[in-house]
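**Student:** Take a look at this one; I'll ask things after.
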Amino acid sequence: MKRIIVSVINDLVTDQRVSKVCTYLNKNGFDVLLVGRVLPASLAMDERPYPSKRMKLLFTKGPFFYAEYNIRLFFLLLFSKCDILLSNDLDTLMPNYLVSKLRRKAIVYDSHEYFTETPEVINRKLVQSVWRGIEKWIFPKLPYIFTVNDSIADLFKKSYGNRPLVVRNMPPVRHRNPEASRKTLGLPEDKHILLLQGAGINIQRGAEELLLSMKYVEGALLLIIGNGDVLPQLKQMCKENQLEDKIRFIPRQLPQRLFDYTCQADLGFSLDKDTNPNYRYSLPNKLFDYMHAGVPVLVSRLPEISKVVTKYECGYFIDHHGPKHIAERINEMLGNPEELKRLRKNCFIAAKELSWENEEKQLDKVYLNLK
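Structure representation (structure tokens):
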């Protein structure tokens, strides 16, 4: 049984893509160790069929955090038994690559986003140049690469000459059988439930405008579930605009509990702005989570999202991010129960095709050759 060490820089709990890949590897006979970090506010790890290690660091953000994590990861990989290294995202790639060369081990790279063009990086030119330098040095030398959609794969092909295999981040097939009800979740039964969920509720993703749109929407409660750098600002905006009765903030949840909430929603949102290549070509996980829960969507008209929503007719688009316009689209959808019913039916049809069971077949092309 070959030993594979899977490394990612987050705290592992809610990273569903990494969890699904590790489960796939375990199912296919690999001895898996998942490595990440732990924070004071991290949730406890759920039970999994493979072991994990979460490093406790002195720093939690900034350059010292990245340096500390990468140094510690380097030595962990250097002195741990392994046959294959799986690096998730650019911020774990250097130690994996160096160890793969020093120990002559196979390396696989999974890029979950177009990292060098994220808003957190794109406006910090020195930081961006460092990450670009690492990517430019290592990426062309990698034999096995995955990424999350065709648009990002094409960008990598254009920049470096090698096109990654595409594995979209979709949920596994599951019956819509939530373990909780609106009553047990403390949600009103006489209002529409609107939902914005995600592990990256950050700037330039439309959350601020969505919050302000609730001034023009009646008979609905907006749930904002997850974490991200814009949440403190959103909570302040909610208070300043006296929207506490229309908006509820819920911290990030374990996957099953999040699915319980998602199933209660009448409408889900993905409103990323076309302000940088990473968002322009994004295909958010929550889009598929909504579909698997039978929740129609209101989304930005971005290329990868548009392809899915147009093909399966499972939602509507906004034309711009004006709060009043967003509210108009929300009210239009909520005011047409028959149309919502049609969209919901199409979500379930799409979910049968857009599943992890279908998507993980792409992984066979690499990992079955590495066994």
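Numbering (numbering that gives the first Met the number 0), first residue to last: 0 to 370.
We treat Cβ as the ideally placed atom computed from N, Cα and C, and that holds for glycine.
1. Under three-state DSSP, which class holds K306?
2. Please determine, among L194, A105 and V120, the residue with the shortest C-alpha to C-alpha distance to E112.
3. Run through DSSP, which three-state label would Q127 get?
4. Give the DSSP bridge partners of F316, in chain order.
5. Taking the alpha helix (DSSP H) that K157 falls in, what are its first and last residues?
6. Is the CB-CB distance between L85 and V5 below 8 Å?
7. Under the DSSP definition of a beta bridge, which residues are partnered with S385?
8. Could you give the uninterrupted runs of the beta strand (DSSP E) lying entirely in the stretch 0-52, keeping only those of 3 residues or more?
9. Where do the N-terminal and C-terminal ends of the alpha helix (DSSP H) with F73 fall, by residue?
10. Hey, how far is the Cα of N27 from the Cα of T146?
11. Cβ of V307 versus every heavy atom of the ligand ADP: is any distance shorter than 7 Å?
12. What are the residues that DSSP puts in a beta bridge with R247?
13. Run through the stretch 164-223 for me and flag every whole alpha helix (DSSP H) of 4 or more residues, listed as ranges in chain order.
14. Would you kindly work out how many angstroms separate the C-alpha atoms of Y311 and K323, rounded to a whole number?
15. Locate the beta strand (DSSP E) running through F258, then write down its first and last residues.
16. Assuming Y315 and M290 make a contact with CB atoms under 8 Å, what is their CB distance in whole Å?
17. Do you know how far the Cα of A179 is from the Cα of T22?
18. Quick one, which of N368, Y366 and L353 has its alpha-carbon nearest P171's?
19. Taking the DSSP output, what are the residues bridged to F145?
20. So the beta strand (DSSP E) L242 belongs to, where does it begin and stop?
21. Taking the continuous alpha helix (DSSP H) assigned at F287, which residues delimit it?
22. Measure the alpha-carbon distance for L164 versus K140 and round it to whole angstroms.
23. Would a C-beta distance cut-off of 8 Å place L253 and L210 closer than the cut-off?
24. With distances taken between CB atoms, is the gap from C81 to I3 smaller than 8 Å?
25. Beta-carbon separation of R53 and D10 under 8 Å?
26. Could you check how far apart the C-beta atoms of I192 and Q263 are, in whole angstroms? I think they sit under 8 Å.
27. Should L367 be labelled buried (16 or more other beta-carbon atoms within 10 Å of its own) or exposed?
28. Cutting at 6 Å between CB atoms, please list the residues of its own chain near Y49, excluding the five before and the five after it.
**Tutor:** Taking the definition as stated:
1. On the sequence shown, residue 306 is found 307 positions in, with the first residue counted as 1. Reduced to three states, the DSSP call for K306 is helix.
2. Position 113 of the sequence shown holds residue 112. Among L194, A105 and V120, the Cα nearest to that of E112 belongs to V120.
3. Numbered from 1 along the sequence shown, position 128 holds the residue referred to as residue 127. Three-state result, Q127: helix.
4. For the purposes of this step, residue 316 is identified with residue 317 of the sequence shown, where counting begins at 1. F316 is bridged to V298.
5. Within the sequence shown, the letter at position 158 stands for residue 157. D149 to Y159 is the extent of the alpha helix (DSSP H) around K157.
6. Translated into the one-based positions of the sequence shown, residue 85 becomes position 86. Translated into the one-based positions of the sequence shown, residue 5 becomes position 6. Result yes, Cβ atoms of L85 and V5 sit closer than 8 Å.
7. Examination of residue 385 is not possible in this model, given that the chain is present from 0 through 370 alone.
8. 2-6 and 30-37
9. As a first step, residue 73 must be located in the sequence shown, where it is residue number 74. Per DSSP, F73 belongs to the alpha helix (DSSP H) from G61 to F78.
10. Counted from its first residue, the sequence shown places residue 27 at position 28. Counted from its first residue, the sequence shown places residue 146 at position 147. Straight-line Cα distance between these residues: approximately 21 Å.
11. For the structure depicted, the ligand ADP is absent and the ligand set is empty, with no information on it obtainable.
12. Here residue 247 corresponds to residue number 248 of the sequence shown, with the count starting at 1. Answer is L222, bridged to R247.
13. Entirely contained in the stretch 164-223, the alpha helix (DSSP H) runs reaching 4 residues are, in chain order, 181-184 and 206-212.
14. Along the sequence shown, one-based indexing puts residue 311 at 312. Along the sequence shown, one-based indexing puts residue 323 at 324. Cα atoms of Y311 and K323: separation of roughly 27 Å, rounded to the nearest angstrom.
15. Sequence index remark: in the sequence shown, residue 258 carries index 259 (1-based). Per DSSP, F258 lies in no beta strand (DSSP E); the unbroken alpha helix (DSSP H) holding it starts and ends at P254 to C262.
16. Here residue 315 refers to the residue found at position 316 of the sequence shown. Here residue 290 refers to the residue found at position 291 of the sequence shown. Going by Cβ atoms, the distance from Y315 to M290 rounds to 14 Å, so no, they are not a contact pair.
17. In the sequence shown, counting from the first residue as 1, residue 22 sits at position 23. In the sequence shown, counting from the first residue as 1, residue 179 sits at position 180. Those two C-alpha atoms are separated by around 25 Å.
18. The residue you call residue 171 lines up with position 172 of the sequence shown. Minimum Cα distance to P171 is reached at L353.
19. Stepping through the sequence shown from its first residue, residue 145 is reached at position 146. Answer is D109 and L164.
20. Reading the sequence shown from its first residue, position 243 is the one you call residue 242. Segment: none, L242 is in no beta strand (DSSP E) and carries neither H nor E.
21. If you number the sequence shown from 1, residue 287 lands on position 288. Looking at the DSSP string, the run of the alpha helix (DSSP H) that includes F287 is N284 to H291.
22. Sequence index remark: in the sequence shown, residue 164 carries index 165 (1-based). Sequence index remark: in the sequence shown, residue 140 carries index 141 (1-based). Approximately 15 Å between the Cα atoms of the pair.
23. Position 254 of the sequence shown, counting from 1, holds the residue named residue 253. Position 211 of the sequence shown, counting from 1, holds the residue named residue 210. No. Outside cutoff.
24. Residue mapping note: residue 81 aligns to position 82 of the sequence shown, counting from 1. Residue mapping note: residue 3 aligns to position 4 of the sequence shown, counting from 1. In this structure, I3 lies closer than 8 Å to C81 by Cβ.
25. Indexing the sequence shown from 1 puts residue 53 at position 54. Indexing the sequence shown from 1 puts residue 10 at position 11. Yes; because the gap between Cβ atoms is below 8 Å, this pair is in contact.
26. Translated into positions along the sequence shown, residue 192 becomes position 193. Translated into positions along the sequence shown, residue 263 becomes position 264. Yes, I192 and Q263 are in contact; Cβ-Cβ is about 5 Å, under 8 Å.
27. Residue mapping note: residue 367 aligns to position 368 of the sequence shown, counting from 1. So L367 ends up on the exposed side.
28. To locate residue 49, count along the sequence shown from 1; it is residue 50. Only C21, N25 and V31 meet the Cβ criterion.
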